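Presented below is the structure to which this report refers.
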Amino acid sequence: MPQHLLHRLLLVIPTFFGIVALTFLLIRLAPGDPILLIAGEHGVSAERYAELQQQFGFDQPLFIQFADYLWQVLNGNLGRSVVTQTPVLEEFSNLFPATLELALIAIILAVLIAIPAGVLAAVKRNTIIDHSITAVSLVGYSMPIFWWALLLILLFSVNLGWMPVAGRLNFIYDIESVTGFMLIDTLIAGDKDAFFDAVHHLILPAIVLATIPLAVITRMTRSAMLEVLKQDYIRTARAKGLSEFSVIFKHALRNALIPVITVIGLQTSILMTGAILTETIFSWPGIGKWLLEAVYRRDYPVVQGGVLLIAGLVILVNTVVDLLYVLINPSLRQQK
Amino acid sequence: MVFKSHLAAMLLLGSALCSLQAAMASTLVYCSEGSPETFNPQLSTSGTTFDASSRQLYNRLLEFKPGTTEIVPGLAQRWEVSANGLEYTFHLRPNVSFHSTEFFTPSRFFNADDVLFSFNRQRDTSNPWYSVSGGVYKYFNDMGFNKLIKDVVKLDENRVRIVLNNPDSTFLSNLAMDFSSILSKQYADAMMIAGTPEKLDLKPVGTGPFMFVKYEKDAFIRYQAHPAYWKGMEELDKLVFAITVDPSVRYARLRTGECHVMAYPLPTDIKSMKKNPEIKVAEQPGLNTAYWAFNTSKPPFDNVLVRQAMNYAINRQAILDVIYKGTGSIASSVIPPTIWNWKGPEYDYVYNPDRAKKILENAGFAEGFEIDIWAMPVQRPYNPNARKMATLIQQDLEKIGIKANVVTYEWGTYLKKSREGEHQTILLGWTGDNGDPDNFFTPLLSCTAAETGNNRSFWCNKQFNDLISLARIEADMQKRKKLYKRAEVIFKQEAPWLTIAHSVRFQPYLSKVQGLKIDPFGGIYFSGVSLK
């Protein structure tokens, strides 16, 4: 086990350097010059252009820029945004809690619905229930997020007036940001109404963000359960006279969960990076929207730093999932 | 006893509800389109930043009269100009207070030191403030202030003299622009001593109608009314910018009452907005012009007859119907009608493909030719869909025997390549900065602009250039008008562009909002606005 842990941690180092090099190069390969984009139709004189290039360090050869950037990163400095002049790390840490809060609620929602749905579909295999769950999860998986979000807003916010359209909290509440997590901050402030308002604001974006993971986890649970239900030990359990509930949830589901947990881990990573559309539509002040804007503006430090931080988190989540996988699978533990 | 306590509780609840309602009634929520880059308008060129900063938080020496391009006194009560047009003496308004906030309490009124600080930070490279927050003062330089201003002199506490290197009649208009906002020197000094100079640009202190309270990136900006505002305290108690990037969502928030006013509606939503009795839509021709420029340094566009033929060949009404969908007007002139109530030249080209064909025959192009049309990859305020516009032009040109290919590049590359003259013809446009005709003619059509590449037609006509140069230094507005009229006749004859359209600007808001004036510059001001 310690060997496996060490092996996993050592793998993180080359992955990390690969990401630093890739983000640095890819954003520069994309056409577009941040100075010219800022200048727009007004343009910029040759002297001023040279001056700005020097100021941002873009006049240096690429490898020197890279070496300089790498050194800064190793020193914990991700640079400043070309547009706002604010340190990248500061912007990230201000926005990340909003994304994390939304992603966590979405994944909890997805898991709470998807696992029972997947189990039900597997147990009721080839019945109308199974077909319905499979069809709904297929629709959920194929749904264009943008369209789905607008549809929900139109129905629940504009026509029925049940839900707020966007944002994290009604503007009548002025809650001091302590943790950046609105649900926690409203509780810290002791404002019950604000807490419920924050929950109210979370519902639609969480549903939208949960849609794809919900579909994926449902399908994975169903297929994993079907696989497990065919096993001899399930037949033995039934032959022993165990209740169906006990067979399904104690024996089958526990074993089926191993691949499902891997998928949940992967989906959590994807959620953190894939919240771009949801955040844009629901005016959710998270890192997805922040990164998208930085790409449009060719704000190199933000794109590099933002991708690096997100990649770091994805690596972290994947490593944790890998370790969990070993923990819950005794056969793997013994192999190691 | 029980009754009494119930009554007291009900009264308490009632009064709490009333006070909540009162708080809500004086809070206006504006659904804005994005996050500001900074809260110092000197450091930006973005309208989003100006809306969040200069237009609510600051004042300038001179200001634009709300809803117009007319200049009125701001922090300067009056001013005098020397006979040679080189010295401007400003008499500053006394007893003007800066905002007193949680993070700064001013101990003096606005005075000449603040004016000197605000200009010298942008013009003097040796000023300790010059390089703070990146030190890019693009607008200041773009409007030529770095070369135009020779000196800024404090005559006394309430008088400032700005000395110019050469006379320039656009100077006063430029002083009313956002980058000319006046910041507090006392606050700047305090931040410098505290070792946090960049806070000056992030936690603003101005003299304007609203005070900064709180900002969360991509979420909201909170303001509250400035109680000691020199024009009197605003009726609105609080102002909130709810940052909402997607225009469909902004509209949904307006419909549900989450916002009272929204920025930049989609042209396709205007019809439904106008049908909604709870929504009002103010409209005004935008301060912009979309044009199709011909590169006169390349054949066949070095031939004036070809350029004239292009002007006759294109059906601009069809472009308006298909692309602008009723949200634009045909541009007969380089400058939009919002500026000086401009009427445009007496003669303009009218769609006539037969005439275009004949002119081409006379020019020796009876067999037609092949050209490229560069179309912008992005939506701009003056052009909602350049690529679609290019295909319409392509179809019109086909009718007169010209084969056109539509070309496009990434936006930054597009601007760079066209500035270097790589194009044959290009679709582009311009949004005015200061409401002065010179702001269109000089940067887009002067010989200097042809050298720098901002003049995408690379057309340099001495007679035209002399007329606009004269108009720039002439102080008398009527004389300037005449000079521009003469220049525009030459422009139409020479046809370096086809002027296509001025887009109409729409400002949707709930009918309970009172006193909101649509801004010709495309921004928004909440001074003088109230809720019914």
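Quick note, the sequences are listed as chains D and Y, same order.
According to the numbering used here, the first sequence is numbered sequentially starting from 2.
According to the numbering used here, the second sequence is numbered sequentially starting from 21.
Ideal placement from N, C-alpha and C gives every residue a C-beta, glycine not left out.
Predicted model only: the values in this text are computed from it and were never measured.
Quiz item: Excluding sequence positions up to five away, which residues of its chain have a Cβ less than 6 Å from the Cβ of Ile355 of chain Y?
Solution: Working through the second sequence from its first residue, we reach residue 355 of chain Y at position 335. Taken in chain order, the residues that qualify are Trp362, Pro457 and Phe460.
Exercise. Decide if Trp72 of chain D is buried, meaning its Cβ has at least 16 other Cβ atoms within 10 Å, or exposed.
Key: Your numbering for residue 72 of chain D matches position 71 in the first sequence. By the neighbour-count rule (16 or more Cβ atoms within 10 Å), Trp72 of chain D is not buried but exposed.
Quiz item: Do Leu112 of chain Y and Leu81 of chain Y have their C-beta atoms within less than 9 Å of each other?
Solution: Sequence index remark: in the second sequence, residue 112 of chain Y carries index 92 (1-based). Sequence index remark: in the second sequence, residue 81 of chain Y carries index 61 (1-based). Their beta carbons are under 9 Å apart, which means Leu112 of chain Y touches Leu81 of chain Y by this criterion.
Practice problem: On a CA-only basis, which of Y:Asn372, Y:Glu430, Y:Gly155 and Y:Val426 is nearest Lys419 of chain Y? Give me that one, please. | Solution: The count along the second sequence starts at 1 and reaches residue 419 of chain Y at position 399. The shortest Cα separation from Lys419 of chain Y among Y:Asn372, Y:Glu430, Y:Gly155 and Y:Val426 belongs to Y:Asn372.
Quiz item: Should Phe230 of chain Y be flagged as near chain D, meaning a C-beta pair shorter than 9 Å?
Solution: Stepping through the second sequence from its first residue, residue 230 of chain Y is reached at position 210. So no, Phe230 of chain Y is outside the interface.
Self-check item: Minimum Cβ-Cβ distance from Gly155 of chain Y to chain D less than 9 Å
Solution: Walking along the second sequence from the start, residue 155 of chain Y turns up at place 135. Interface residue, yes.
Quiz item: From this set, D:Ala31, D:Asp131, D:Ile316 and D:Phe246, which residue's C-alpha is nearest Pro220 of chain D's C-alpha?
Solution: For the purposes of this step, residue 220 of chain D is taken as the residue at position 219 of the first sequence. In the sequence as presented, Pro is not what sits at residue 220 of chain D; that position holds Arg. Of the candidates D:Ala31, D:Asp131, D:Ile316 and D:Phe246, the one whose C-alpha sits nearest the C-alpha of Arg220 of chain D is D:Asp131.
Exercise. Pick out whichever of D:Glu102, D:Gln4, D:Ser247 and D:Tyr326 has its Cα sitting closest to the Cα of Val200 of chain D.
Key: Numbered from 1 along the first sequence, position 199 holds the residue referred to as residue 200 of chain D. For the residues D:Glu102, D:Gln4, D:Ser247 and D:Tyr326, the minimum Cα distance to Val200 of chain D belongs to D:Glu102.
Quiz item: Are any of the Cβ atoms in chain Y nearer than 9 Å to that of Lys290 of chain D?
Solution: Translated into positions along the first sequence, residue 290 of chain D becomes position 289. So, interface residue.
Quiz item: Can we say the stretch 373-392 of chain Y touches the stretch 312-332 of chain Y, given the rule of at least three CB pairs closer than 8 Å?
Solution: yes
Self-check item: Whole-angstrom C-beta distance between Gly432 of chain Y and Leu38 of chain D, which should lie under 8 Å
Solution: One-based indexing of the first sequence puts residue 38 of chain D at position 37. One-based indexing of the second sequence puts residue 432 of chain Y at position 412. Confirmed, about 5 Å.
Quiz prompt | 9 Å Cβ cutoff, Trp431 of chain Y in contact with chain D | solution = In the second sequence, the residue the question calls residue 431 of chain Y occupies position 411. Interface residue, yes.
Self-check item: Own chain residues within Cβ distance below 6 Å of Glu303 of chain Y, not counting five before or after
Solution: Here residue 303 of chain Y is taken as the residue at index 283 of the second sequence, counted from 1. Counting only Cβ-Cβ distances below 6 Å, and skipping sequence neighbours, we find Val524 and Phe526.
Self-check item: Reduced DSSP secondary structure (H/G/I, E/B, other) of Leu184 of chain Y
Solution: The count along the second sequence starts at 1 and reaches residue 184 of chain Y at position 164. Leu184 of chain Y falls in the strand class under three-state DSSP.
Quiz prompt | Under the three-state DSSP convention, the category Asn308 of chain Y falls into | solution = Against the second sequence, residue 308 of chain Y aligns to sequence position 288. Asn308 of chain Y falls in the strand class under three-state DSSP.
Exercise. Taking C-beta pairs closer than 8 Å, name the residues in chain D that Arg143 of chain Y reaches, listed in chain order.
Key: Numbered from 1 along the second sequence, position 123 holds the residue referred to as residue 143 of chain Y. By Cβ distance, chain D contributes nothing, its closest Cβ being about 14 Å from Arg143 of chain Y, past 8 Å.
Self-check item: Cβ contact check for the stretch 138-155 of chain D and the stretch 182-199 of chain D: 3 or more pairs under 8 Å
Solution: no
Quiz prompt | Pairwise C-alpha distance: Thr85 of chain D and Ile277 of chain D | solution = Position 276 of the first sequence, counting from 1, holds the residue named residue 277 of chain D. Position 84 of the first sequence, counting from 1, holds the residue named residue 85 of chain D. One C-alpha to the other measures close to 20 Å.
Quiz item: Is Gly542 of chain Y near Gly67 of chain Y, with beta carbons less than 9 Å apart?
Solution: Translated into positions along the second sequence, residue 542 of chain Y becomes position 522. Translated into positions along the second sequence, residue 67 of chain Y becomes position 47. The answer is yes: Cβ separation under 9 Å.
Quiz item: When the Cα of Ser204 of chain Y is compared with those of Y:Asp176, Y:Gln142, Y:His119 and Y:Pro267, which residue comes out closest?
Solution: Position 184 of the second sequence holds residue 204 of chain Y. If we check each option's Cα against that of Ser204 of chain Y, Y:His119 comes out closest.
Self-check item: Backbone CA spacing between Pro214 of chain D and Leu26 of chain D [nearest angstrom]
Solution: Numbered from 1 along the first sequence, position 213 holds the residue referred to as residue 214 of chain D. Numbered from 1 along the first sequence, position 25 holds the residue referred to as residue 26 of chain D. Distance between the alpha carbons of Pro214 of chain D and Leu26 of chain D: 31 Å.
Quiz item: Does DSSP put Val179 of chain D in a helix, a strand or coil?
Solution: The count along the first sequence starts at 1 and reaches residue 179 of chain D at position 178. Reduced to three states, the DSSP call for Val179 of chain D is coil.
Self-check item: Alpha-carbon to alpha-carbon, Thr263 of chain D and Thr237 of chain D
Solution: Along the first sequence, one-based indexing puts residue 237 of chain D at 236. Along the first sequence, one-based indexing puts residue 263 of chain D at 262. Whole-angstrom Cα-Cα distance: 28 Å.
Practice problem: Given a cut-off of 9 Å, decide if Ile28 of chain D and Phe59 of chain D are closer than it, judged by their beta-carbon atoms. | Solution: Position 58 of the first sequence, counting from 1, holds the residue named residue 59 of chain D. Position 27 of the first sequence, counting from 1, holds the residue named residue 28 of chain D. No, these two residues do not count as a Cβ contact at 9 Å.
Quiz item: Residues in its own chain within less than 6 Å of Gly181 of chain D by CB, not counting five upstream and five downstream?
Solution: Locating residue 181 of chain D in the first sequence gives position 180, counting from the first residue. Closer than 6 Å at the Cβ level, and outside the excluded window around Gly181 of chain D, lie Pro98.
Exercise. For Lys193 of chain D, count neighbouring C-beta atoms within 10 Å of its own C-beta (all shown protein chains included) and say buried if the count is 16 or more, exposed if not.
Key: Position 192 of the first sequence, counted from the start, is the residue given in the question as residue 193 of chain D. That one is exposed.
Quiz item: Looking at Arg439 of chain Y and Thr462 of chain Y, is the spacing between their C-beta atoms short of 9 Å?
Solution: In the second sequence, residue 462 of chain Y corresponds to position 442, counting from 1. In the second sequence, residue 439 of chain Y corresponds to position 419, counting from 1. Against a cut-off of 9 Å, the Cβ pair of Arg439 of chain Y and Thr462 of chain Y comes out as no contact.
Quiz item: According to a CB-to-CB cut-off of less than 8 Å, which residues of the stretch 263-284 of chain Y neighbour chain B?
Solution: No chain B is part of this structure, whose protein chains are labelled D and Y.
Self-check item: Same chain, Cβ closer than 6 Å to Ala424 of chain Y, neighbours up to 5 away in sequence not counted
Solution: In the second sequence, the residue the question calls residue 424 of chain Y occupies position 404. For Ala424 of chain Y, where only same-chain residues beyond five positions count, the Cβ hits under 6 Å are Ile391, Ile393, Gln414 and Leu417.
Practice problem: Taking Gly141 of chain D and Thr212 of chain D to be in contact with their CB atoms under 8 Å, please state how far apart those CB atoms are, rounded to whole angstroms. | Solution: Within the first sequence, numbered from 1, the residue matching residue 141 of chain D stands at position 140. Within the first sequence, numbered from 1, the residue matching residue 212 of chain D stands at position 211. At roughly 5 Å, the Cβ-Cβ gap stays under 8 Å, so Gly141 of chain D and Thr212 of chain D are in contact.
Quiz prompt | For Tyr553 of chain Y, the nearest candidate out of Y:Leu175, Y:Ile520, Y:Glu100 and Y:Met396 (CA to CA) | solution = In the structure displayed, chain Y extends from 21 to 552; residue 553 of chain Y sits before or after that span and is not available.
Exercise. Go through its chain and collect everything with a Cβ distance to Thr288 of chain Y's Cβ below 8 Å, but skip five positions before and after it.
Key: For this step, residue 288 of chain Y is matched to residue 268 along the second sequence. Closer than 8 Å at the Cβ level, and outside the excluded window around Thr288 of chain Y, lie Lys345.
Quiz prompt | Beta-bridge pairing of Gly51 of chain Y - partner residues as DSSP gives them | solution = One-based indexing of the second sequence puts residue 51 of chain Y at position 31. According to the sequence displayed, residue 51 of chain Y carries Cys and not Gly. Note: Cys51 of chain Y sits in a beta bridge opposite Y:Ala262 and Y:Met282.
Quiz item: Is it buried or exposed for Val370 of chain Y, if we count other Cβ within 10 angstroms and need 16 for buried?
Solution: Along the second sequence, read from residue 1 onward, the residue named residue 370 of chain Y stands at position 350. Its Cβ having fewer than 16 others within 10 Å, Val370 of chain Y is exposed.
Self-check item: Min CB distance Ala196 of chain Y to chain D below 9 Å
Solution: One-based indexing of the second sequence puts residue 196 of chain Y at position 176. False, the Cβ-Cβ gap to chain D never drops below 9 Å.
Exercise. Can you give me the Cβ contacts of Ala118 of chain D inside the same chain, cut-off strictly under 6 Å, excluding the 5 residues immediately before and after it?
Key: Counting from 1 along the first sequence, the entry for residue 118 of chain D is found at position 117. Ile134 and Thr219, listed in sequence order.
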